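Anchor point for the sequence shown: position 15 equals 14 in numbering that gives the first Met the number 0, and the numbering is continuous, going up by one each time. One structure is given below, encoded as structure tokens.
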Amino acid sequence: MIEPTAHQETGASRTEIRPPMPIAFTVDHAPPAPEWDAFVAAQKHGHLLQTSRWGALKAAFGWR
Numbered sequence: 000m001i002e003p004t005a006h007q008e009t010g011a012s013r014t015e016i017r018p019p020m021p022i023a024f025t026v027d028h029a030p031p032a033p034e035w036d037a038f039v040a041a042q043k044h045g046h047l048l049q050t051s052r053w054g055a056l057k058a059a060f061g062w063r
């Protein structure tokens, strides 16, 4: 649903787009761990907490 709104104080307007129902999605494919870890390592701000080993440790304690 698209609902234009106006702001009388500033004269500005904006358009809000709202889907008719909640949107949910599931990612069911993860790259192999070595590929993921290489990707993380290649990023300027890649971090240990984004590695597959950290994910495996968290999963051992119930994180999904």
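Glycine residues also receive a C-beta, built at the ideal position from the N, C-alpha and C atoms. Note that the structure is a prediction, hence the values are computed from the model and not measured.
Tell me, which residues are paired with E34 by DSSP? Taking the first residue of the sequence shown as 1, we reach residue 34 at position 35. Looking at the DSSP assignment, E34 forms no beta bridge with any residue, so it has no partner.
Residue span of the alpha helix (DSSP H) that contains G45, given as start and end: Start at 1 with the first residue of the sequence shown, and residue 45 comes out as number 46. Unbroken run through G45: none, as it is neither H nor E.
Sheet register partners of R63 (DSSP bridge): Within the sequence shown, the letter at position 64 stands for residue 63. Per DSSP, none; premise fails for R63.
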